[in-house]
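Presented below is the structure to which this report refers.
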Amino acid sequence: MFARLRRRGQIAFVPFTMLGDPNPQSSLEVLKAMAEGGADALELGIPFSDPTADGPTIQAAARRSLTAGTTPADCLVMIRAMRSAFPDLPLGLLVYANLVVANGVERFYAEAAAAGLDSVLVADVPTLEATPFCEAARGARVDPILLLPPNASPACLDKIAGESRGYTYVVSRRGVTGADEEISLPDSKLLRELALRNAAPPLLGFGISRPEHVVAARKAGAAGVICGSAVVERVEAQLAGGTGAIVKCVRSFVAEMKAATSENR
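Using the numbering used here, the letters of the sequence shown map in sequence onto residues 2 to 266.
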């Protein structure tokens with residue numbers, strides 16, 4: 002994906018949504034709308050009661066999904082449906098450790114692979130404790146994704162470059178997820194250090210909410226951006242209008258953000 006985008010003079014736009022938000026039926030239509038809007042890949046969340054990396058917007062999405070009765074099994078059904086409809090679209094999962102270990106780590110990754118997932122990020126596992134999860138992921142032919150904090154030490158950089166596959170999730174700022182007015186860019190030295198260690202391509206996340214943020218991330222050297230809270234805000238804002246209104250709004254927003262990934266902007 003990254004080589005193809007470089008040839009086109011683009012970086013990747015990767016929207017996030019919470020599976021089952023506001024309910025499983027509408028959620029699948031939202032996933033399709035993101036793909037149809039031009040997303041280069043999707044990052045998907047399984048609703049969880051204690052999402053420690055997420056701010057109020059995505060916490061609310063998880064509550065809506067759980068209230069609608071969404072289960073992890075429902076999420077795998079949605080992922081399988083997306084894999085069938087969009088066989089070439091990379092699909093990644095952002096999940097919390099309790100859901101991974103509940104029925105066995107190896108079983109979780111085997112089911113993820115069978116559903117068609119390409120990558121899994123376990124958001125609340127510290128980098129130094131990530132090796133068992135990464136080994137299980139690679140054993141199931143799923144890319145393990147690690148979070149790179151803005152204050153990463155050289156040892157942390159080494160660990161992430163050695164373990165992470167697919168892409169490196171570069172956290173643009175401290176704190177939890179949320180749509181920011183101004184983008185926080187990582188120190189350019191951090192991206193250079195990743196490149197020197199042959200780390201997977203860096204995708205910038207946390208706070209990405211506007212086309213100008215995408216342009217700034219591209220100019221800073223990111224291979225792409227991940228946008229979560231701004232997508233979820235649009236789902237929440239259109240709840241009264243039903244699935245049709247949600248889908249129309251999300252598709253339009255994704256298309257607008259994707260257009261900003263080009264060097265021509």
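Idealized CB from N, CA, C, for every residue including glycine.
- Task: On the DSSP bridge assignment, give the partners of Gln11 in chain order.
- Result: Taking the first residue of the sequence shown as 1, we reach residue 11 at position 10. Answer by DSSP bridge pairing, in chain order: Ser263.
- Message: Quick check for students: name the residue ranges of the beta strand (DSSP E) that lie wholly in the region 205–239, counting only runs of 3 or more.
- Response: Counting only unbroken stretches of 3 or more residues, the beta strand (DSSP E) elements lying wholly within the region 205–239 are 225–228, in sequence order.
- Query: For Tyr170 versus Leu197, is the C-beta distance shorter than 7 Å?
  - Reply: Position 169 of the sequence shown holds residue 170. Position 196 of the sequence shown holds residue 197. Result no, Cβ atoms of Tyr170 and Leu197 do not sit closer than 7 Å.
- Enumerated in chain order, which unbroken segments of the alpha helix (DSSP H) with a length of 4 residues or greater are wholly contained in the region 117–165? The qualifying runs are 132–140 and 155–164.
- Item | Cβ pair count under 8 Å reaching 3, the region 16–30 against the region 78–98 | Yes, since at least three Cβ pairs between the region 16–30 and the region 78–98 fall closer than 8 Å, the two stretches touch.
- Task: Quick one: grab the DSSP three-state call for Gly46.
- Result: Taking the sequence shown and counting its residues from 1, one reaches residue 46 at position 45. For Gly46, the three-state secondary structure derived from DSSP is strand.
- Query: What number of angstroms, rounded off, separates the C-alpha of Ser27 from the C-alpha of Ile59?
  - Reply: Counting from one through the sequence shown, the residue named residue 27 turns up at place 26. Counting from one through the sequence shown, the residue named residue 59 turns up at place 58. A straight line joining the alpha-carbon of Ser27 with that of Ile59 spans about 17 Å.
- Task: Whole angstroms is fine: what's the gap from Ala63's alpha carbon to Pro48's?
- Result: Along the sequence shown, one-based indexing puts residue 63 at 62. Along the sequence shown, one-based indexing puts residue 48 at 47. Distance between the alpha carbons of Ala63 and Pro48: 5 Å.
- Task: Could I get the ranges of all uninterrupted beta strand (DSSP E) runs contained in the region 26–85, with 3 residues as the minimum, in chain order?
- Result: Here the runs fully enclosed are 43–46.
- Task: Excluding the 5 residues preceding and the 5 following Ala137 in the sequence, name in chain order all residues of the same chain whose CB lies nearer than 6 Å to its CB.
- Result: Translated into positions along the sequence shown, residue 137 becomes position 136. Take Ala137, set aside five residues on each side of it, and the residues of its chain with a beta-carbon closer than 6 Å to its own are Val106, Glu107 and Tyr110, in chain order.
- Message: By the DSSP assignment, the alpha helix (DSSP H) with Leu100 in it spans what residues?
- Response: Looking up residue 100 in the sequence shown gives position 99. Judged by DSSP secondary structure, Leu100 falls within the alpha helix (DSSP H) whose first and last residues are Ala98 to Val102.
- Message: Starting from Tyr170, trace the beta strand (DSSP E) in both directions and tell me its first and last residue.
- Response: Numbered from 1 along the sequence shown, position 169 holds the residue referred to as residue 170. Note, Tyr170: beta strand (DSSP E), Thr169 to Val172.
- Query: Excluding five sequence neighbours on each side, which residues of the same chain lie with their C-beta closer than 6 Å to the C-beta of Ala141?
  - Reply: In the sequence shown, residue 141 corresponds to position 140, counting from 1. These residues qualify, in order along the chain: Tyr110, Ala111 and Ala114.
- Query: Taking C-beta to C-beta, are Ile146 and Ala116 nearer than 7 Å?
  - Reply: On the sequence shown, residue 146 is found 145 positions in, with the first residue counted as 1. On the sequence shown, residue 116 is found 115 positions in, with the first residue counted as 1. Taking 7 Å as the Cβ cut-off, Ile146 and Ala116 do not qualify as a contacting pair.
- Backbone secondary structure at Phe3 - three-state DSSP: Position 2 of the sequence shown holds residue 3. It is helical.
- Task: Evaluate the contact criterion for the region 33–46 versus the region 252–263: three or more CB pairs, one atom per stretch, below 8 Å.
- Result: They touch, by the three-pair rule.
- Mark Asp89 as exposed unless 16 or more other C-beta atoms lie within 10 angstroms of its C-beta, in which case mark it buried. The count along the sequence shown starts at 1 and reaches residue 89 at position 88. By the neighbour-count definition (other C-beta atoms within 10 Å, threshold 16), Asp89 is an exposed residue.
- Starting from the C-beta of Leu45, find all residues in its chain whose C-beta is less than 6 Å away, skip the five residues before and the five after it, and write them out in chain order. Looking up residue 45 in the sequence shown gives position 44. Excluding residues within five positions, the ones whose Cβ falls inside 6 Å are Leu20 and Leu94.
- Which residue from Ser120, Leu240, Lys160 and Ile227 puts its Cα closest to that of Gly206? By 1-based counting over the sequence shown, the position of residue 206 is 205. Of Ser120, Leu240, Lys160 and Ile227, the residue nearest in Cα terms is Ile227.
- Task: Could you tell me the boundaries of the alpha helix (DSSP H) in which Leu20 lies?
- Result: Within the sequence shown, residue 20 is the residue found at index 19, counting from 1. That residue, Leu20, is in no alpha helix (DSSP H); it is neither H nor E in DSSP.
- Query: For Glu264, does the count of other Cβ atoms within 10 angstroms reach 16, so buried, or fall short, so exposed?
  - Reply: Against the sequence shown, residue 264 aligns to sequence position 263. Looking at its Cβ environment, which holds fewer than 16 other Cβ atoms inside 10 Å, Glu264 is exposed.
- Task: Return the Cβ separation of Val251 and Val31 in integer angstroms, given the expectation that the two are a contact with Cβ distance under 8 Å.
- Result: Looking up residue 251 in the sequence shown gives position 250. Looking up residue 31 in the sequence shown gives position 30. At roughly 6 Å, the Cβ-Cβ gap stays under 8 Å, so Val251 and Val31 are in contact.
- Message: Less than 7 Å between the C-beta atoms of Asp22 and Arg65, yes or no?
- Response: By 1-based counting over the sequence shown, the position of residue 22 is 21. By 1-based counting over the sequence shown, the position of residue 65 is 64. If you check the CB distance, Asp22 and Arg65 come in under 7 Å.
- Task: Consider the C-beta atom of Asp89 and the heavy atoms of the ligand ADP; say whether any pair is separated by less than 6 Å.
- Result: In the structure shown, the ligand ADP is absent, as is every other ligand, since no ligand is present at all.
- Query: If Ala221 sits next to Ser165, beta carbons under 8 Å apart, how far is it from one beta carbon to the other, in whole angstroms?
  - Reply: On the sequence shown, residue 221 is found 220 positions in, with the first residue counted as 1. On the sequence shown, residue 165 is found 164 positions in, with the first residue counted as 1. With a Cβ gap of about 19 Å, Ala221 and Ser165 do not count as contacting.
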